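Presented below is the structure to which this report refers.
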Amino acid sequence: MLELIKSIYENPHLPEHNELHALLEQTVSSLESENSFYRPYSKLKGKTFGGGLLTFLEQAELPVIVVPDLHARQKFIVDLLSYSIPPNTPADCRGMTVWEALKEKKVYVVCLGDLFHSEGRCSDRWKKALKKAQKKEIESPEMTEEMTECLGLLEMLMLLKNEFIENFHILKGNHENVLNSCDKGNHPFYKFADEGNMVYDFLSSHYDDLIIQEIDWFENSLPLCAVFRNLVLSHAEPSRMYTKKEIINYHTDYDVVYGMTWTQNDFAENGSVEDTIKQLLPANLRKDAVWITGHRPVYEKYALRQGGHLIQIHNPNEENVAIVIPELKFNPDIDIYSVEP
9 MLELIKSIYE NPHLPEHNEL HALLEQTVSS LESENSFYRP YSKLKGKTFG GGLLTFLEQA
69 ELPVIVVPDL HARQKFIVDL LSYSIPPNTP ADCRGMTVWE ALKEKKVYVV CLGDLFHSEG
129 RCSDRWKKAL KKAQKKEIES PEMTEEMTEC LGLLEMLMLL KNEFIENFHI LKGNHENVLN
189 SCDKGNHPFY KFADEGNMVY DFLSSHYDDL IIQEIDWFEN SLPLCAVFRN LVLSHAEPSR
249 MYTKKEIINY HTDYDVVYGM TWTQNDFAEN GSVEDTIKQL LPANLRKDAV WITGHRPVYE
309 KYALRQGGHL IQIHNPNEEN VAIVIPELKF NPDIDIYSVE P
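So the sequence shown is numbered by the working numbering: it starts at 9 and just counts up by one.
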């Protein structure tokens with residue numbers, strides 16, 4: 009499996025249709041059938057789905073490796089899996105690589121979403137691709153390179169999810185919107201080009217509606233929030249206080265999806281993090297709990313918001329992860345590590 013993931017990184021070609029279809033189908037099935045012990049079910053139109061909340065308050069107390077926005081960075085995942093967990097980490101997995109720790113079920117890895125769109129890292133490529141797209145050249149070399157990175161990363165993460173279903177998790181971000189729609193808590197996306205429409209047009213041209221629909225199913229099967237004994241995770245800062253029930257039933261309240269994936273800096277209600285922590289954690293676990301997000305970029309290791317209760321860790325120029333140890337207070341000055349060799 010590790011060699012397969014590395015081979016995807018080294019492969020300069022787009023995934024084959026049947027290969028991508030089979031992997032998407034398997035992963036959606038994995039996401040929809042997760043154990044309700046840690047992913048409580050929600051109901052929609054009489055059907056049962058995996059809810060929007062992952063809760064690990066009763067599971068084994070393992071270190072949590074938090075991976076911020078990936079934005080098509082395949083190398084980040086390859087480097088993460090090969091990274092040796094620091095020997096000073098007070099946990100059974102210290103000295104192991106992340107891959108070894110996942111195999112032994114001695115660590116949780118949680119990705120905070122935003123899998124597609126290389127953004128500023130390849131802004132020139134996006135601008136060139138846009139000019140060609142405006143001339144109806146949908147599958148330009150630039151756009152093909154972009155989608156090879158995006159879909160390759162998606163393949164890597166799906167392989168990991170299927171292999172380590174209870175220990176490897178992906179949360180929904182605002183870029184998980186392959187239809188570029190304005191419903192279900194989503195919003196059309198553009199920044200350096202017309203990224204949302206360009207991705208949709210490329211997939212329509214190179215693959216078919218089945219692949220697009222399956223990516224959409226994958227995105228809408230992702231949870232929004234993960235809770236551990238001293239940690240809460242989501243893609244973005246919660247825009248207001250959310251109850252546990254609201255997060256679980258996110259399929260019926262799209263305000264929750266929008267409010268936990270799209271919130272801009274300084275747009276959340278004061279106290280939204282602290283108040284939501286009170287909804288998700290019992291009183292005896294709240295004192296040292298922190299909420300970690302990605303979404304908005306930082307240009308050092310981290311940025312603090314909500315009176316220090318929320319820590320943003322998405323530095324788009326570095327391969328930084330947070331390692332949170334059970335029962336220990338997270339210190340962003342020493343507990344954020346670069347996995348880049």
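All residues carry an ideal CB built from backbone N, CA and C; glycine is no exception.
On a predicted model such as this, the values are computed, not experimentally measured, just so you know.
Spatial neighbours of residue 197 in its own chain (CB-CB distance under 8 Å, excluding positions within 5 residues in sequence) are listed in chain order as 125, 182, 183, 185, 188, 203 and 204.
Residue pairing by DSSP places residue 313 opposite 318 in a beta bridge.
DSSP places residue 252 in the uninterrupted alpha helix (DSSP H) bounded by 252-256. With respect to the 7 Å criterion, residue 71 and residue 99 are classified as neighbours on the basis of their beta carbons. DSSP, read as helix, strand or coil, puts residue 29 in helix. Short of 8 Å from the beta carbon of residue 271, and not among the five residues preceding or following it, lie these beta carbons of its own chain, in chain order: 244, 245, 246, 247 and 303. A check of alpha carbon separations from residue 212 across 13, 15, 25 and 18 identifies 25 as the nearest. Its Cα nearest to that of residue 149, the residue 133 stands out among 159, 133, 142 and 158.
Sequence-distant partners of residue 40 (beyond 5 residues in either direction) whose C-beta falls short of 8 Å from its own C-beta, in its chain, are 57, 58 and 229.
Here residue 310 is near residue 321, since their CB atoms are less than 7 Å apart. In this structure, the beta-carbon distance from residue 225 to residue 36 falls below 7 Å.
Ranked by how close their Cα comes to the Cα of residue 75, the residues 159, 88 and 166 have 88 in first place. With a threshold of 16 other beta carbon atoms within 10 Å, residue 82 meets it and is buried. Here the segment 136-144 makes no contact with the segment 257-274; the two share fewer than three CB pairs at distances below 8 Å.
The Cβ atoms of residue 170 and residue 38 lie closer than 7 Å to each other. In the DSSP assignment, residue 55 falls within the unbroken beta strand (DSSP E) covering 55-58. In the three-state scheme derived from DSSP, where H, G and I count as helix and E and B as strand, residue 301 is classed as strand. Looking at the DSSP output, residue 143 bridges to nothing. In the displayed model, residue 233 falls within a strand according to three-state DSSP. Secondary structure of residue 214 (DSSP, three-state): helix.
In its chain, beyond the 5 residues on either side, 150 have a beta carbon closer than 6 Å to the beta carbon of residue 136. A residue is called buried when at least 16 other Cβ atoms come within 10 angstroms of its Cβ; residue 80 meets this threshold and is buried.
By alpha-carbon distance to residue 118, the top candidate from 207, 254 and 180 is 180. For residue 177, the beta-bridge partners assigned by DSSP are 118. Listed in chain order, the non-local C-beta contacts of residue 172 below 6 Å within the same chain comprise 110, local neighbours out to five positions each way being set aside. Here residue 193 has 262, 265 and 266 as same chain residues with Cβ atoms under 6 Å from its own Cβ, once five neighbours each way along the sequence are excluded. Linking residue 96 to residue 237 through their CA atoms gives a straight-line distance of about 21 Å. Straight through space, the alpha carbons of residue 94 and residue 114 are spaced by roughly 14 Å.
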